[in-house]
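Novice: Protein chains in written order, with our numbering: chain A, 53 to 413; chain B, 710 to 787. Cβ coordinates follow ideal geometry from the N, Cα and C atoms, glycine included.
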Amino acid sequence: MVPATDPGGGVVTAATAAGTASTHGARRWVVLGVAAVVWASAYQLNLRWWNWVIYSAVGLRRGTRVADSVHFFFFDVTKIALLLTGVIFVVTVLRSFMSVERTRALLGGRREGVGNVLAAGLGVVTPFCSCSAVPAFIGFVAAGVPLGVTLSFLIASPLVNEVAIVLLFGLFGWKVTAMYVAGGVVIAIVAGSFLGRLRLERWVEPFVFETRLRGKVVDPSSGLSWDDRLAMGREEVVSILRKIWPYLLVGIGLGAVLHGWVPANWFAEHASSSWWGVPLAVVIGVPLYSNAAGVLPLVEVLHAKGVPMGTVLAFMMSVVALSTPELILLRRVLKPQLIATYFGVVAAGILATGYVFNLIT
Amino acid sequence: MDIKILGSGCAKCQTLESLTRDGIAELGLDAAFEHVTDPAEIASWGVMSTPALVIDDEVVLSGRVPSATEVRELLADR
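#1: Does the beta carbon of A/S184 come closer than 7 Å to any beta carbon on chain E?
#2: Flag A/P210 as yes if its beta-carbon sits less than 7 Å from any beta-carbon of chain B, otherwise no.
#3: Do B/S771 and B/S753 have their beta-carbon atoms positioned less than 7 Å apart in this structure?
#4: Looking at chain B, which residues of the segment 246-272 of chain A have a Cβ within less than 7 Å of any of its Cβ atoms?
#5: What does A/S151 reach in chain B if we use C-beta pairs closer than 7 Å?
#6: Within 7 Å (strictly less), CB to CB, does B/V780 reach chain A?
#7: Name, please, each residue of chain B whose Cβ falls closer than 8 Å to the Cβ of A/G191.
#8: Could you give the residue range of the alpha helix (DSSP H) that holds B/D786?
#9: Chain B partners of A/R156, CB-CB under 9 Å?
#10: May I ask which residues mark the beginning and end of the alpha helix (DSSP H) holding A/F141?
#11: Just to confirm, are B/V774 and B/L725 a CB contact at a threshold of 7 Å?
#12: Give every residue of the same chain whose Cβ lies closer than 8 Å to the Cβ of B/R787, excluding the five residues on either side of it in the sequence, and list them in chain order.
#13: Answer with yes or no whether the minimum CB distance from B/P775 to chain A is below 7 Å.
#14: What does the alpha-carbon distance come out to for the pair A/G473 and A/L265?
#15: Quick check on A/W81: buried or exposed, where buried means 16 or more other Cβ atoms within 10 Å of its Cβ?
#16: Scan the segment 274-289 of chain A for residues whose Cβ lies nearer than 9 Å to a Cβ of chain B and list them as they occur along the chain.
#17: Taking buried to mean at least 16 other C-beta atoms within 10 Å of its own C-beta, is A/K295 buried or exposed?
#18: Measure the CB-CB distance between A/E214 and A/V143 and report whether it falls below 7 Å.
#19: Closest to B/A785 by CA distance: which of B/C722, B/D731, B/A749, B/A720 is it?
#20: Determine which residues share a DSSP beta bridge with B/F742 and list them.
#21: Classify A/A366 as buried or exposed, calling it buried when 16 or more other Cβ atoms lie within 10 Å of its own Cβ.
#22: Apart from the five residues on each side of it in sequence, which residues of its chain come closer than 7 Å, Cβ to Cβ, to B/V780?
#23: Helix, strand or coil, according to DSSP, for A/E164 in the structure here?
#24: Less than 7 Å between CB atoms is the rule here; does A/P388 satisfy it with respect to chain B?
#25: So with CB distances below 8 Å, who are the chain A contacts of B/A740?
#26: Pull up the distance between the alpha-carbon of A/V256 and that of A/N168, whole angstroms please.
#27: Please look up how many angstroms separate the CB atoms of A/P187 and B/V756, rounded, as I've assumed it's under 8 Å.
#28: Name the chain B residues that come within less than 8 Å of A/A194, Cβ to Cβ?
#29: From A/I416 to A/L220, what does the alpha carbon distance come to, in whole angstroms?
#30: Looking at the secondary structure, which residues open and close the beta strand (DSSP E) in which B/S771 lies?
Below, the structure is given as structure tokens:
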């Protein structure tokens with residue numbers, strides 16, 4: 053969108069260089085403003101557009117199963133793609149001011165308790181890829197951040213991620229989103245504090261404590277221009293969409309079928325009001341390796357068909373927070389006993405959260 | 710010149726490696742290349758966000774994929 057090269061080239065005097073820099077700066081914000089307006093209009097017109105396409109242009113009859121499923125599919129794909137694009141862009145640009153390195157500096161020297169709260173909060177806002185979980189774990193522990201505080205960070209980070217927040221907000225509104233975020237942060241604080249109390253350092257691979265940090269720390273969040281940050285936002289949108297689109301299409305496709313064919317309140321009548329709804333959701337959710345984008349369209353339909361909110365959110369939390377690949381990575385630094393305990397404590401937290409949400413909604 | 714890519718094998722780490730290889734070829738530099746995937750060694754460099762680029766035992770970049778121009782500048786600086 054923003055041209056990166058100066059077409060003038062050649063010799064540029066200081067005055068014209070300053071001039072092009074400021075017009076370039078102004079232009080960057082104009083482009084961004086236009087993009088925001090286009091985005092908002094597309095979001096507003098989405099429903100009317102697909103109403104017109106499916107029911108008028110293609111001529112499927114409104115109210116039939118096929119028509120409604122097809123309409124649901126296209127409407128939802130467009131809505132979620134727009135939400136993801138807009139919010140991932142904004143979140144990535146904002147997050148480019150934060151980094152794991154900065155988080156560690158903020159956590160260094162904190163006691164447990166305050167440290168756990170701060171770590172869970174920072175886990176939400178720090179840009180973090182689970183592929184860096186192991187170096188980050190070693191970096192935290194070797195720098196003296198307590199084990200429980202480090203675990204609070206590692207739990208919060210995947211559990212309360214921006215994709216989940218965007219989708220929850222788009223599908224269920226701000227109340228459910230706030231509940232989810234609060235629930236996730238509380239799980240991270242409580243589970244991290246609890247694991248810290250157990251004094252499980254003996255179950256951390258000894259080399260972690262022996263690691264000497266050499267070299268200077270390069271903070272990825274510093275020294276970036278606005279153009280760099282905006283470019284990071286664009287690249288992140290492309291890379292996340294490229295990664296999750298198959299999950300999204302399958303999830304929304306399944307959702308669309310359920311939407312058309314399963315009667316409303318079917319689950320409420322048949323199963324889910326019983327006590328075992330939440331544990332069942334966790335047991336199904338843990339081995340599922342998907343991400344928020346794949347799970348949420350399903351979650352939306354399950355809830356529409358009568359599965360209670362707490363059960364549905366527990367399902368989603370267990371899919372995103374406890375993933376087998378991440379646990380396999382963590383095995384490099386944690387002994388199996390600690391992994392099992394970590395797993396159990398987080399699962400218990402999710403169960404409790406599911407029951408609480410079922411009670412209050 | 711001694712170049713290390715610190716990365717856990719993620720897509721971004723592969724991108725950084727190919728960008729760096731391209732940069733070296735373009736500048737006609739002579740470099741020993743190593744892709745470090747061992748998390749303990751990555752951490753010992755003080756790096757917590759992969760991918761990271763180490764040139765002659767100094768971490769020059771971490772946590773993001775730079776542009777081709779930036780990589781060339783980093784390499785030319787040495």
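Specialist: Working from what's here:
#1: Within the model displayed, chain E is absent; protein chains A and B are what it includes.
#2: So no, A/P210 is outside the interface.
#3: No, the Cβ-Cβ distance between B/S753 and B/S771 is not below 7 Å.
#4: Residues of the segment 246-272 of chain A with a C-beta less than 7 Å from any C-beta of chain B: F259, T263, R264, L265, R266, G267, K268, V269, V270, P272, listed in chain order.
#5: What A/S151 touches in chain B: S758, G772.
#6: No, its Cβ sits nowhere closer than 7 Å to a Cβ of chain A.
#7: Below the 8 Å Cβ cutoff, chain B contributes A752, G755, V756, M757 as neighbours of A/G191, in chain order.
#8: Under the DSSP assignment, B/D786 falls in the alpha helix (DSSP H) whose first and last residues are 777-786.
#9: Within chain B, the residues near A/R156 are M757.
#10: Unbroken alpha helix (DSSP H) run through A/F141: 117-147.
#11: Contact: yes.
#12: By the criterion of a C-beta distance shorter than 8 Å, B/R787 is surrounded in its chain by M710, I764, D765, once the five residues flanking it on both sides are discounted.
#13: For B/P775, the answer is no, since every Cβ of chain A falls outside 7 Å of its Cβ.
#14: In this structure chain A extends from 53 to 413, so residue 473 of chain A is not present and cannot be described.
#15: A/W81 should be labelled exposed.
#16: Within the segment 274-289 of chain A, the residues whose Cβ lies closer than 9 Å to any Cβ of chain B are, in chain order, L276, D280, A283, M284, E287.
#17: Counting Cβ neighbours within 10 Å, A/K295 comes out exposed, since fewer than 16 surround it.
#18: Closer than 7 Å, so yes.
#19: Ranking the options by Cα distance to B/A785, first place goes to B/D731.
#20: Per DSSP, the beta bridge partners of B/F742 are B/I712.
#21: In this structure A/A366 is buried. Its beta-carbon is surrounded by 16 or more other beta-carbon atoms within 10 angstroms.
#22: Cβ neighbours of B/V780 beyond the five flanking positions: L728, T729, G732.
#23: It is coil, neither helix nor strand.
#24: So, not an interface residue.
#25: For B/A740, none of the residues of chain A pass the 8 Å Cβ criterion, the least Cβ distance being about 19 Å.
#26: Roughly 19 Å between the two C-alpha positions.
#27: Yes, they are in contact, since the Cβ atoms of A/P187 and B/V756 sit about 6 Å apart, within 8 Å.
#28: Correct list: A752.
#29: Absent from the model: residue 416 of chain A. The displayed extent of chain A is 53 to 413, so no value can be given.
#30: For B/S771, the enclosing beta strand (DSSP E) starts and ends at 767-771.
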